[in-house]
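Everything below concerns the one structure shown next.
2 protein chains.
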Amino acid sequence: MSKDHFLHGFLNPKSVAFYGANNKGGSLASIQIMNLIKSGYNGNIYPIHPKLDTVMGFKAYKSISVLPEVPDLVVIVLPAKIVPGIFRECGEKGVKRIILISGGFRELIKDRKNTLTEEINQISLKYGMRFIGPNCLGVFNNYFGEKDQYRAFNTAIWENIKRGTFSIASQSGTLSSHIWFDPDNLDLGLSKSLSVGNEANIDIVDCLEYYKDDTHTSVIGLYIEELKRGKQFLNLAREITPHKPIVAIYVGGSEAGNRALQSHTGSLAGNAMIYDAVFKESGIIKTEYVTEFLDIAFVLCNGVLPKGRRLAIITNSGGPGAMIANNAENKGLRVPELSEKLQEELKEVLPHTASFKNPIDCTFDMNLPYFYIDLPKMIMNSGEIDIIIQYGVVGFQDVMDDYLNYERITQYAEFKHQPDAIMDNLAKQLISPTLTNSKKYSVPILYVSPMCYTSPWSKRLRNNGALLFKYWDRPVNCLSKICDYAEFKQKKFLK
Amino acid sequence: MSKDHFLHGFLNPKSVAFYGANNKGGSLASIQIMNLIKSGYNGNIYPIHPKLDTVMGFKAYKSISVLPEVPDLVVIVLPAKIVPGIFRECGEKGVKRIILISGGFRELIKDRKNTLTEEINQISLKYGMRFIGPNCLGVFNNYFGEKDQYRAFNTAIWENIKRGTFSIASQSGTLSSHIWFDPDNLDLGLSKSLSVGNEANIDIVDCLEYYKDDTHTSVIGLYIEELKRGKQFLNLAREITPHKPIVAIYVGGSEAGNRALQSHTGSLAGNAMIYDAVFKESGIIKTEYVTEFLDIAFVLCNGVLPKGRRLAIITNSGGPGAMIANNAENKGLRVPELSEKLQEELKEVLPHTASFKNPIDCTFDMNLPYFYIDLPKMIMNSGEIDIIIQYGVVGFQDVMDDYLNYERITQYAEFKHQPDAIMDNLAKQLISPTLTNSKKYSVPILYVSPMCYTSPWSKRLRNNGALLFKYWDRPVNCLSKICDYAEFKQKKFLK
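Protein sequences appear in the order of chains A and B. Residues 0 to 494 (numbering that gives the first Met the number 0) are what the first sequence spells out, left to right. Residues 0 to 494 (numbering that gives the first Met the number 0) are what the second sequence spells out, left to right.
Below is the structure:
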């Protein structure tokens with residue numbers, strides 16, 4: 000049970016003390032408190048400050064020794080040199096969990112011998128404390144509190160984030176916390192995020208252990224610069240990936256990359272080939288790109304796991320169909336020509352100018368229920384195809400509505416704006432049957448629109464559960480890696 | 000002069016006749032007329048319709064023979080089989096230019112012998128007409144009318160688009176017309192776009208010829224499935240690329256890609272290796288991705304042409320710095336360690352926790368004028384670096400403003416919302432000197448923010464001319480290809 004894991008307390012504290020916060024707002028500690036306020040944290044907050052009486056309206060204390068209770072968690076953002084003293088105070092108070100945000104430990108040349116790191120580790124050991132960091136950004140838990148009344152416990156992330164089942168452990172604070180501003184990632188829900196920083200005491204292997212049994216985590220995301228416990232990592236990853244996919248960014252291998260790492264978390268990066276081998280052997284999905292990291296997580300969190308690599312491309316425009324086909328084959332997917340039998344079936348619903356082979360180009364004249372429902376169903380039912388990418392789910396009404404902003408058009412046009420309720424209903428009627436069929440036949444479908452992800456029709460499709468991408472490059476690339484993972488998983492279970 | 004080229008008339012007609020439009024809005028011809036209305040076209044519009052008296056308030060004519068003048072351009076969206084008859088009518092009237100939107104010509108199996116295509120070509124030859132299409136989406140010209148009063152002549156694109164110097168010729172209507180919805184492409188301005196469809200009469204080589212001398216075109220974008228006049232294309236591209244960059248998507252090479260092409264424009268795609276060789280030899284920048292196509296165009300339209308491959312990475316966060324460094328080296332850029340002399344200089348302005356080698360990690364504590372102005376200037380002035388990517392141009396005030404939405408914070412915080420005028424001024428003061436320095440030292444700088452491209456601070460940076468990207472993957476990839484082009488160009492001029 001993840002509740003029994005020592006990290007559980009870091010993500011579910013009933014009380015938190017803060018070193019370093021004030022009312023000015025610019026400091027990292029103040030931001031941590033403000034994030035708690037934003038997320039509606041209802042536990043006790045104890046700022047510790049030598050001079051201030053209150054911080055953000057919370058009574059401040061001169062020292063941790065005078066707190067009315069032993070806080071479940073302590074967050075420290077103070078200069079490195081005074082941290083050992085704070086650790087001792089915390090230990091004396093009986094604290095068991097610390098998040099050490101401060102930088103200035105082993106990532107600096109002058110502490111290359113890790114004397115400060117060594118010192119705080121010794122103090123922690125003496126008092127039975129564990130700590131995350133140093134040089135990290137904090138934690139996020141979207142399942143804080145009682146079931147049905149979940150709120151977020153969030154010290155790290157500026158944005159309010161959708162609840163989901165993707166959990167991150169990251170050696171970069173940015174990767175754990177600041178990749179959520181993109182409107183294109185709106186549908187990826189986060190479960191937990193742990194910024195582990197320099198890993199002086201708690202590392203990514205601990206996080207993996209915790210996520211392994213966490214019922215709110217279905218996909219795990221890692222940002223790795225160095226693995227301190229390689230063997231444990233490999234064993235744990237092997238155990239996890241047959242059940243929960245892991246997607247990882249590993250940075251290292253290039254000269255400049257390694258130089259960057261040395262100054263970042265102080266790690267000496269390993270040989271990229273060794274990491275590649277470890278990832279491949281353990282079924283970890285590797286990527287170099289943050290957008291791909293998020294895309295893969297998004298698609299996997301939605302249960303997409305194709306049975307094979309046979310892709311059908313439905314399109315209403317030749318160019319995107321050709322680009323998807325070309326890129327898909329270059330990335331190791333297959334775009335098989337449909338059987339004559341299936342082509343004959345398709346001919347009954349498609350216009351005569353359509354193409355039936357694969358890509359299936361319906362042309363612009365396509366009837367909507369055929370395009371959204373019948374055609375995908377015939378393909379899913381054929382047994383010839385494992386995945387569908389459907390390009391061209393355009394919001395024609397949005398386009399028409401835009402024309403209606405022009406008086407000349409409004410005055411003479413025989414078409415008009417459609418009420419929201421009608422459009423909402425249309426989207427539901429077009430998408431729901433296909434998502435039901437997708438489950439029934441176990442053939443995932445990804446949608447691609449040329450229009451903005453947040454345009455009215457795109458929103459309607461997404462509200463009904465459609466996995467929507469803007470442009471066609473990203474879904475092809477991420478599907479290719481997900482197919483690799485699906486094959487890995489099949490092999491594991493066939494053994 | 001591009002004005003002397005026969006394509007000039009297609010983009011600058013004083014009158015246009017339309018076959019196929021009505022008032023219902025859903026048809027392609029109606030959309031072409033509505034696009035003209037949206038773009039404020041002030042020439043004469045003549046709908047031709049057998050029954051209707053008016054279309055969108057314009058007097059409709061039963062036949063082209065009864066028009067009060069010979070239209071400069073005719074747009075046809077009618078079934079293929081009646082098109083030859085329409086062509087004859089147009090020829091008899093004295094029409095010289097036709098855009099044939101209709102599909103249903105050689106891309107269909109039953110007309111594989113091109114009898115219809117052959118027929119309309121013969122008619123055109125007889126009457127001295129030229130036509131674009133069939134199976135295309137129309138044209139766009141953002142420089143229609145008199146200088147200082149430019150408007151758009153647009154039959155093809157649904158969105159109103161920024162005026163710029165990127166011009167497209169495309170064998171896909173989607174690539175010519177429907178890639179403009181992405182808020183991330185807001186800063187890429189379009190000059191002209193030509194959807195050439197099946198190229199029965201006018202092809203991409205004609206478009207290249209036209210763009211070569213067009214003063215409003217600084218970067219040319221192509222989408223190619225097949226080159227009918229390969230030798231002419233190669234010669235022309237060789238002539239153009241030393242002066243104007245060409246970025247091209249070529250689709251072909253994979254089995255499914257070729258199948259897609261056959262049904263799309265009816266072309267038999269060539270060998271991908273031959274195309275690769277032609278592109279390389281002629282200095283064309285090749286990409287498979289529409290996002291990269293747009294990124295490369297955006298960066299090139301802003302005059303970015305690095306003198307070499309030496310990249311400096313300025314960051315306030317280690318992870319993105321490491322990812323940029325790693326990806327950059329993997330893509331053929333260099334991320335050299337800075338000289339000791341330069342590192343010593345940097346130490347005077349950076350906090351002691353910073354890293355000075357490259358990536359230059361300023362940490363979160365960085366002072367804004369140092370981060371935005373002094374630091375880039377010292378690097379530009381050093382002569383050690385050809386390009387800068389600066390990560391972390393975060394809108395802290397946007398983050399703070401978000402906290403101020405929470406009563407608990409507003410009540411106690413010692414910081415407050417800053418008026419727009421102050422923030423506008425701050426952005427100007429931080430960005431303008433650096434862009435001036437960038438020109439002075441000929442060292443381009445690309446900015447990357449983790450925040451949304453359209454967030455308030457991001458908008459302010461962009462308004463002041465910053466080339467901004469969301470996430471760091473895309474600028475690295477596109478810079479790598481632009482450096483290849485810059486080297487090609489240097490070699491051409493050194494010969």
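Each residue gets a CB set at the ideal place from its N, CA and C atoms; glycine is no exception. On a predicted model such as this, the values are computed, not experimentally measured, just so you know.
What does residue i touch in chain A if you count any residue whose Cβ is under 9 Å from its own?
i                : result
Ile178 (chain B) : Pro449, Tyr470
Gly251 (chain B) : Ala321, Asn325
Taking Cβ-Cβ distances shorter than 9 Å, what residues in chain B pair up with residue i?
i                : result
Tyr411 (chain A) : Asn22, Thr53, Val54, Met55, Gly56, Phe57
Asp385 (chain A) : Neighbours of Asp385 (chain A) on chain B: none; closest Cβ ~14 Å, over 9 Å.
Express the C-alpha separation of residue j and residue i in angstroms, rounding to a whole number.
i                : j                : result
Gly320 (chain B) : Phe143 (chain A) : 32 Å
Phe363 (chain A) : Ile312 (chain A) : 15 Å
Leu66 (chain A)  : Pro46 (chain A)  : 10 Å
Arg228 (chain B) : His215 (chain B) : 25 Å
Asp52 (chain B)  : Thr290 (chain B) : 44 Å
Glu413 (chain A) : Ile156 (chain B) : 21 Å
Leu226 (chain B) : Asp423 (chain B) : 49 Å
Val447 (chain B) : Asn315 (chain B) : 11 Å
Asn380 (chain A) : Gly394 (chain B) : 50 Å
Gly331 (chain A) : Gly251 (chain B) : 15 Å
Glu179 (chain A) : Ile167 (chain A) : It should be noted that the sequence gives Trp, not Glu, for residue 179 (chain A). Distance between the alpha carbons of Trp179 (chain A) and Ile167 (chain A): 12 Å.
Ala327 (chain A) : Ala16 (chain A)  : 52 Å
Met55 (chain B)  : Pro70 (chain B)  : 18 Å
Ala255 (chain B) : Gly25 (chain A)  : 55 Å
Gly220 (chain B) : Thr164 (chain B) : 11 Å
Pro443 (chain A) : Lys469 (chain B) : 29 Å
Counting only beta-carbon atoms, is residue i nearer than 9 Å to chain A?
i                : result
Trp456 (chain B) : no
Ile85 (chain B)  : no
Ile30 (chain B)  : yes
Strictly by DSSP, which residues pair up with residue i?
i                : result
Asp360 (chain A) : A:Thr314, A:Ser354
Pro46 (chain A)  : A:Phe17
Phe130 (chain B) : B:Ile97
Arg150 (chain B) : B:Phe143
Ile63 (chain B)  : Note: Ile63 (chain B) sits in no beta bridge, so no partner.
Ser166 (chain A) : A:Lys191, A:Ile219
Phe468 (chain A) : A:Val447
Chain A partners of residue i, CB-CB under 7 Å?
i                : result
Phe17 (chain B)  : The premise fails here: Phe17 (chain B) is roughly 14 Å from chain A at the closest Cβ pair, so nothing lies under 7 Å.
Thr290 (chain B) : Tyr470, Asp472
Gly103 (chain B) : Thr352
Met272 (chain B) : Result: empty, since nearest Cβ-Cβ is about 13 Å, beyond 7 Å.
Flag residue i as yes if its beta-carbon sits less than 9 Å from any beta-carbon of chain B, otherwise no.
i                : result
Thr154 (chain A) : no
Ser75 (chain A)  : Here residue 75 (chain A) turns out to be Ile, not Ser, going by the sequence shown. No, no contact with chain B.
Glu287 (chain A) : yes
Ile47 (chain A)  : no
Ile284 (chain A) : no
Given that residue i touches chain A, what residues does it touch there, using C-beta distances under 8 Å?
i                : result
Phe363 (chain B) : Leu27
Glu225 (chain B) : In chain order: nothing, as chain A lies at least about 11 Å away.
Asp181 (chain B) : Cys451, Lys469, Tyr470
Just the chain B side, please: which residues come within less than 7 Å of residue i by C-beta, in chain order?
i                : result
Ile36 (chain A)  : Tyr405, Arg407, Ile408
Met33 (chain A)  : Tyr402, Ile408
Ala334 (chain A) : Reading off the sequence shown, one finds Val at residue 334 (chain A), where the question assumed Ala. Per Cβ cutoff of 7 Å: Ala255.
Should residue i be flagged as near chain D, meaning a C-beta pair shorter than 9 Å?
i                : result
Ile248 (chain B) : Given the protein chain composition of this structure (A and B), no chain D is represented.
Members of the segment 401 to 427 of chain A that neighbour chain B once the beta carbon cut-off is set at 8 Å: Cβ contacts with chain B come from Asp401, Tyr402, Tyr405, Arg407, Ile408, Gln410, Tyr411, Ala412, Glu413, Phe414.
Residues in the segment 308 to 320 of chain B having any Cβ partner in chain A nearer than 7 Å: Listed by position along the chain: Ser316, Gly317, Gly318, Pro319, Gly320.
Members of the segment 160 to 177 of chain A near chain B, C-beta cut-off 8 Å: Against chain B - using a Cβ distance shorter than 8 Å - the residues of the segment 160 to 177 of chain A are Ser169, Gln170, Ser171, Gly172, Thr173, Leu174, His177.
Residues from the segment 197 to 222 of chain B in contact with chain A, defined by Cβ distance under 8 Å: For the segment 197 to 222 of chain B, the set of residues with a beta-carbon nearer than 8 Å to any beta-carbon of chain A comprises Tyr222, in chain order.
Cβ-based contacts, 7 Å cut-off: residues of the segment 375 to 399 of chain B near chain A: Of all residues in the segment 375 to 399 of chain B, only Val398, Met399 place a beta-carbon less than 7 Å from a beta-carbon of chain A.
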